[in-house]
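Adding 22 to a residue's 1-based position in the sequence shown gives its number in this note's numbering.
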Amino acid sequence: TGHHGTTAGCLDMLGLCLKENRYSRALDLGTGSGVLAIAVARSLPARILATDIDPVAVDVARQNCRLNGVASRIRCETAPGFAHRAFREEGPFDLVIANILAGPLQALARDLAANCAPGATVILSGLLPHQRARIVATYRLHGLDFVKAHIRDNWLVLVLRKRG
23 TGHHGTTAGC LDMLGLCLKE NRYSRALDLG TGSGVLAIAV ARSLPARILA
73 TDIDPVAVDV ARQNCRLNGV ASRIRCETAP GFAHRAFREE GPFDLVIANI
123 LAGPLQALAR DLAANCAPGA TVILSGLLPH QRARIVATYR LHGLDFVKAH
173 IRDNWLVLVL RKRG
């Protein structure tokens, strides 16, 4: 729905990033209901890949994309990791939004960074404020630099940029 602090925080930061940049290939990693992918589609003429490990969530996201009239630009896939062919076919991405938890975000850092175009914007959420330093340090090791932080309802949202 976009009301949870992590989702609302991602939407806040997406709005700020859209004022500064235009994107053509976006990834919503851990799409859930698809609300973030739909927000990107409503804001940009970008091609979007929306993935989740849960096939039920992917079915819900597909249905929500259809209901919002953006299904032709959002590819929804069940993908347990970056080995899925959709990442090769749709990437590299110049915008990535990942609203999942700190553990998976840390584990996926290398692969997420490898799927980003140089200069890509990465919005990470599902984080608690005390996890900031660890996540920023992990992503810095993989070529993503800290740009901004935002707290919404005690949830942290980070904006990073891929070097290059």
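From the three backbone atoms N, C-alpha and C, an ideal C-beta is built for every residue, glycine too.
Spell out the partners DSSP gives residue i in its beta bridges.
i	result
ILE145	ILE119, VAL181
ARG154	Answer is none; ARG154 lacks a bridge partner.
CYS87	Answer is none; CYS87 lacks a bridge partner.
ALA48	ILE70, LEU117
GLU99	THR73
So, for residue i: in the same chain, excluding its five sequence neighbours on each side, which residues have a beta-carbon less than 7 Å away from its beta-carbon?
i	result
GLU243	Residue 243 lies beyond the residue range present for the chain, which begins at 23 and ends at 186; the question has no answer from this structure.
PRO102	ILE75
Could you give the distance in angstroms between the alpha-carbon of residue i and the alpha-carbon of residue j?
i	j	result
VAL181	ARG95	24 Å
GLY186	GLU42	18 Å
ALA59	GLY91	12 Å
HIS172	PRO67	26 Å
ILE145	MET35	7 Å
THR28	ARG174	7 Å
THR100	LEU40	27 Å
ARG110	ILE122	21 Å
Taking only three categories from DSSP, how would you classify residue i?
i	result
VAL169	strand
ASP76	coil
LEU134	helix
ALA139	strand
ARG162	helix
LEU38	helix
ASP175	coil
THR53	coil
GLY27	helix
PHE104	coil
Here's a check: name, in chain order, each residue in its chain whose Cβ is nearer than 8 Å to the Cβ of residue i, leaving out the five neighbours to either side.
i	result
ASP153	The displayed chain sequence assigns Gln, not Asp, to residue 153. Contacts found: ALA124, LEU178.
LEU150	ALA124, ASN176, TRP177, LEU178
PRO140	LYS184, ARG185, GLY186
ARG84	GLY56, ALA93, CYS98
Of the choices the options, whose alpha-carbon is the least far from that of residue i?
i	options	result
PRO77	ALA131, LEU89, GLY56, ALA63	GLY56
LEU163	ARG174, ILE145, LYS184, PRO151	LYS184
THR53	LEU38, ASN43, THR73, GLY37	THR73
ARG132	VAL62, ASN86, ARG84, ALA159	ALA159
PHE104	LEU89, LEU130, ASP175, ILE119	LEU130
ARG64	HIS172, ASN137, CYS87	CYS87
GLN128	LYS170, VAL92, GLY148, ALA142	GLY148
GLY31	ASN137, CYS138, ALA120, ARG156	ALA120
LEU51	VAL169, ASP81, LEU134	LEU134
ALA142	LEU166, VAL82, ALA61, ILE122	LEU166
VAL62	VAL82, HIS26, LEU33, PHE109	LEU33
Report all residues from its chain with a CB closer than 6 Å to the CB of residue i; omit the five preceding and five following residues, and keep chain order.
i	result
LEU49	LEU71, PHE115, VAL118
TYR161	ALA131, LEU182
ALA79	GLY54
Using a Cβ-based criterion (distance less than 8 Å to any ligand heavy atom), does residue i qualify as near the ligand SAH?
i	result
ALA101	Looking at this structure, you won't find the ligand SAH or any other ligand, since it has none at all.
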